[in-house]
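Chemist:
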Amino acid sequence: MKLTGAQIMMKVLKEEGVDTIFGYPGGAVIDIYDELERTDIRHILVRQEACAVHAADGYARAGGRTGVCLVTSGPGATNTVTGIASAYMDSIPVVIFTGQVPTHLIGNDAFQEVDTVGITRPCTKHNYLVKRTEDLARIIKEAFLIASSGRPGPVLIDIPKNVSANTIDYKAPKKNKLKSYKPTYSPNVKQLQRVAEMIKDSQKPLIFAGGGVILSKASKELTELARKAQIPLTASLMGLGGFPGTDPLWLGMIGMHGTYRSNMSTGECDLMIGIGVRFDDRVTGKTDAFAPKAKIVHIDIDPTSIRKNIPVTVPVVGDCKITLALLNKLLDKEDLGDLKKKRKKWFDQIDHWKSTSPQTYNQKDVIKPQYVVDKLYELTKGEAIITTEVGQNQMWAAQYYHFDKPNHFITSGGLGCMGFGLPAAIGAQLACPDKLVVDVAGDGSIQMNIQEMTTAIQCGLPVKVVILNNGHLGMVRQWQQLFFDKRYAATCLDCAPDFVKLAEAYGAVGLRATKPEEVVPVLKKGLFSKKTVIMDFVVEKEECVYPMVPAGAPVTEMLLV
Amino acid sequence: MTEEKHVLSIIVDNEPGVLSRIAGLFSGRGFNIESLCVAETTEPLVSRITLVTTGEPPIIEQIEKQLNKLINVVKVHDLTGTEFVHREMALIKVMAKAEHRAEILRIVDIFRCKVVDVSLDHYTIEVTGDEGKMKAILNLLKPIGIKEIAKTGIIALIREAR
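Note that the protein sequences, when read in sequence, are chains U and P. The opening residue of the first sequence carries number 597 in the numbering used here; numbering runs sequentially from there. The opening residue of the second sequence carries number 205 in the numbering used here; numbering runs sequentially from there.
(1) Suppose you measure from the CA of E611(U) to the CA of I736(U); what does that come to, to the nearest Å?
(2) Taking V759(U) as the reference, which of L701(U), K775(U) and K800(U) has the closest Cα?
(3) K882(U) CB to nearest chain P CB: under 8 Å?
(4) Curious, which full-length beta strand (DSSP E) runs of at least 3 residues does the region 819-874 of chain U contain?
(5) Given this structure, state the Cα-to-Cα distance separating G881(U) from N859(U), to the nearest angstrom.
(6) Would you call G654(U) buried or exposed, if buried means 16 or more other Cβ atoms sit within 10 Å of its Cβ?
(7) Count the CB pairs spanning the region 982-989 of chain U and the region 212-229 of chain P that are closer than 8 Å, and state whether there are at least three.
(8) Hey, how far is the Cα of M868(U) from the Cα of L802(U)?
(9) Shorter than 8 Å from the beta carbon of V278(P) to some beta carbon of chain U?
(10) Could you check what DSSP says for Q644(U) in three-state terms: helix, strand or coil?
(11) Quick one, are the C-beta atoms of P671(U) and T720(U) less than 8 Å apart?
(12) Where does L249(P) land, buried or exposed, given buried means 16+ other C-beta within 10 angstroms?
(13) Going by CA-CA distance only, name the one from P899(U), F1133(U) and M1044(U) that's closest to Q966(U).
(14) Any contact between the region 297-312 of chain P and the region 239-255 of chain P? By contact I mean 3 or more CB pairs, one from each, below 8 Å.
(15) Looking at the unbroken alpha helix (DSSP H) that takes in Q995(U), where does it start and where does it end?
(16) Please compile the residues from chain P whose C-beta is within a distance smaller than 9 Å of the C-beta of L774(U).
(17) Helix, strand or coil: how does DSSP classify A1020(U) here?
(18) Could you say if the region 641-657 of chain U and the region 708-725 of chain U meet the contact criterion of at least three C-beta pairs nearer than 8 Å?
(19) Interface residues of chain P around V713(U) at Cβ under 7 Å?
(20) Using a cut-off of 7 Å between C-beta atoms, extract the partners of T900(U) located in chain P.
(21) Nearest to I1135(U) by CA position, among N1065(U), T1087(U), P1150(U) and A1024(U), is which residue?
(22) Can you tell me whether DSSP reads K279(P) as helix, strand or coil?
(23) Below 8 Å on the Cβ atoms is my guess for A792(U) versus E930(U); work out the distance and round it to an integer in Å.
(24) Are T729(U) and I604(U) closer than 8 Å when you measure CB to CB?
(25) Counting only Cβ-Cβ distances shorter than 7 Å, please list the residues of the region 331-343 of chain P near chain U, keeping chain order.
(26) Using alpha carbons as the reference points, say which of L752(U), E1114(U), N762(U) and L975(U) lies closest to Y997(U).
(27) Under a CB-based cut-off of 8 Å, is R903(U) close to chain P?
(28) Could you run through the region 717-746 of chain U and flag, in chain order, every residue whose CB is less than 7 Å away from some CB of chain P?
(29) At 9 Å on the CB atoms, spell out the chain P contacts of Y781(U), in chain order.
(30) Could you pull out every residue in the same chain whose Cβ sits closer than 6 Å to the Cβ of V1118(U), ignoring the five residues on either side in sequence?
(31) Do you know offhand how far E247(P)'s Cα is from F886(U)'s?
(32) Compare the C-beta of Y620(U) against all C-beta atoms of chain P and say whether one is closer than 8 Å.
(33) Consider the Cβ of K291(P): report whether some Cβ of chain U lies at a distance smaller than 8 Å.
(34) Would a check of beta-carbon distances place P248(P) closer than 8 Å to chain U?
(35) Is the Cβ-Cβ distance between K824(U) and N905(U) less than 8 Å?
(36) Throw me the rounded Cβ distance for the A1101(U) and A658(U) pair, which I believe falls under 8 Å.
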């Protein structure tokens, strides 16, 4: 069968089940676009290439599958780097196709040439430069396998123009060339038996869950474990929704802006079970002082995560879902006794922490940002998919929207990438057309990728943007308030666009609330509209996110309200 | 914890860009490379990299895990702690005026080296051996005058059971 590179690419994409591609065309990918146009694969034209990756990221997370992007060489490729780095830090399966100058021009500083593979090497799980059309099909298949298996991540394929234009006699690739790529899914049972015994013996256990639970679709197994073994549970930002946020065993988020009881529990627990986490610095604070009294069990599919940041008593390399299912079975064989009674002191202690410093705010005459998220949660009954930008908006969304289900909270956790929320919401809405998708944004971060309003309008996507407008780059301002004597260097955004008019200019609905009593009516009107909506909430300017653990301090030493 | 020196023998796909993946991993994560040797093996699809690194035990553990995580890395052996043979090689261009020529040749003889190039006022000596031998011969040749030196890093293989 005679096929061009571009035709081969479409054929393999169809075989991989791809139905949506986020992209932006250009000279080096013109052959691919010409072929894409003739398939039934949906192409979403973003307005800047980083957003192609953010949108594919949102699509992957909301839909639990691999996202795909296509951009041109040179600036198209360099623009994707931020999106790729974000997907890499959060282990999101995305395959990125970049165009490249023809092979005979590579290295000549040709027009729109950059060393894409060189630039993206440190922020992809793997990447390829395809030098022969004959290799294209095999490489695409390998890329999808690598992106979605083991610890997932972005994989980039750089395709020179002549490789996509050339015609070859196509033969389906027989097998991949991955000699040693075999992620460990099944854990060591002996290690797990030790874990089961430690759980049985523990007086003060604590589960700390992370994004790995969501990626491996292990929420059910995690919930079973926590309830069966009566273990209170906290989670990282990436783990929110992996365990029901309304369950009595749920303590709230851990870390820099975690709840008082979560962080205090880390200081007192005698057993910490980390599941699908990487003990990031925003979680542990000062590592020497983290969980000082605990034996630590660390379950993760990526061996490099284990013992990277903190010493571990029992390492378990394995997929969260498989491992937890096995652990639950082992626990079923044990006589656990009356755990509620045995751990009564521990639960009493946790309740005491909860009542000493509950997560709360005081709504007076100016709109509090927490109040907006609180009402958003109530009105959507916790059912919406929430994406966020980065900063205070992200933390308030994490604290006040209580996620009961996985894949409902989509945020740039590791890279902390402002401008993520709107394109991610677009991707999430495409993956879940029947869901309400809301981007919780700040007035600063929404302006990083506001051009994607056009994409949403063009595709008829009813995404909702909730701007917590405090006239500042709020999180940096908060640090300046607390640690730099209120010198607000470059964080005041006193020249901002009128977001209502801006929404209208894009063809969306613009709404604004300036008083607390307007919050609910604006939310009701905006959320239940069938259109794309920006809601501008003019909130308290100098509100801070609390509790807060100063960077580098032990997590048990929190600044409270 | 004290720093340890480890010799890693890494089998990798023989493909363009693999070395930069490894070098990038070390520079990006702040790991040390003391020396590095790469060449094809008898199997043309794979190469062997012999890499010497130093670090505290948890760092060495991270290095091995991170290397294993690279898609193009087929296998990582930490030779340190096992029985292995290792060699490095140097070409030493030493000043060889008439009055020193006999002395240099005696050293070459003692160290079982070879003279591989001769001119009116220099010898180039090929020496193979372990680190200690390298140091010893350099100490002896330095007073005579070393013009240039080119050294490989360590190459190493596991000892087979006798």
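Yeah, the Cβ is synthetic: ideal placement off N, Cα and C, and Gly gets one too.
Modeler: Considering the structure as presented:
(1) Each residue's alpha carbon lies about 11 Å from the other.
(2) Closest by alpha carbon: L701(U).
(3) Closer than 8 Å: no.
(4) As far as the region 819-874 of chain U is concerned, its whole beta strand (DSSP E) runs of at least 3 residues are 829-831, 846-849 and 867-871.
(5) One alpha carbon belongs to G881(U), the other to N859(U), and they sit about 10 Å apart.
(6) Classification of G654(U): buried, given that the 10 Å Cβ count is 16 or more.
(7) Contact between the region 982-989 of chain U and the region 212-229 of chain P is absent, because fewer than three Cβ pairs lie under 8 Å.
(8) Take the alpha-carbon of M868(U) and the one of L802(U): they are about 5 Å apart.
(9) Yes, V278(P) lies at the interface with chain U (some Cβ there is under 8 Å from its Cβ).
(10) Residue state, collapsed to three classes: coil.
(11) Remark: C-beta atoms of P671(U) and T720(U) do not approach each other more closely than 8 Å.
(12) Result: exposed.
(13) It is F1133(U).
(14) When Cβ pairs closer than 8 Å are counted between the two stretches, the region 297-312 of chain P is seen not to touch the region 239-255 of chain P, the count staying below three.
(15) First-last of the alpha helix (DSSP H) with Q995(U): Q988 to Y996.
(16) Ordered by position in chain P, the residues that pass the 9 Å Cβ test against L774(U) are I275.
(17) It is helical.
(18) In this structure the region 641-657 of chain U does not lie against the region 708-725 of chain U, because fewer than three pairs of beta carbons, one per stretch, are closer than 8 Å.
(19) In chain order: G221.
(20) The answer, in chain order, is Q266, K269, Q270 and K273.
(21) A quick correction: the sequence has Val, not Ile, at residue 1135(U). For V1135(U), the closest of N1065(U), T1087(U), P1150(U) and A1024(U) by C-alpha to C-alpha distance is N1065(U).
(22) If DSSP states are grouped into helix, strand and coil, K279(P) belongs with the strands.
(23) Between the beta-carbon of A792(U) and that of E930(U) there is about 6 Å, and that keeps the pair under the 8 Å contact cut.
(24) Taking 8 Å as the Cβ cut-off, T729(U) and I604(U) qualify as a contacting pair.
(25) Those residues of the region 331-343 of chain P that come within reach of chain U (Cβ to Cβ, closer than 7 Å) do not exist; the list is empty.
(26) For Y997(U), the nearest C-alpha among the options comes from L975(U).
(27) Closer than 8 Å: yes.
(28) Listed in sequence order: R717, P718, H722 and I742.
(29) Chain order gives no chain P residues near Y781(U), where near means a beta carbon separation below 9 Å; the closest approach is about 15 Å.
(30) Counting only Cβ-Cβ distances below 6 Å, and skipping sequence neighbours, we find L1107, A1109 and M1131.
(31) Rounded to the nearest angstrom, the two C-alpha atoms are 48 Å apart.
(32) So, not an interface residue.
(33) It should be pointed out that residue 291(P) corresponds to Arg in this sequence rather than to Lys. Answer no: the Cβ-Cβ gap between R291(P) and chain U never drops below 8 Å.
(34) Chain U contact via Cβ: absent.
(35) Cβ atoms of K824(U) and N905(U): not closer than 8 Å.
(36) Contact annotation, A1101(U) with A658(U): C-beta distance approximately 28 Å; criterion of less than 8 Å not satisfied.
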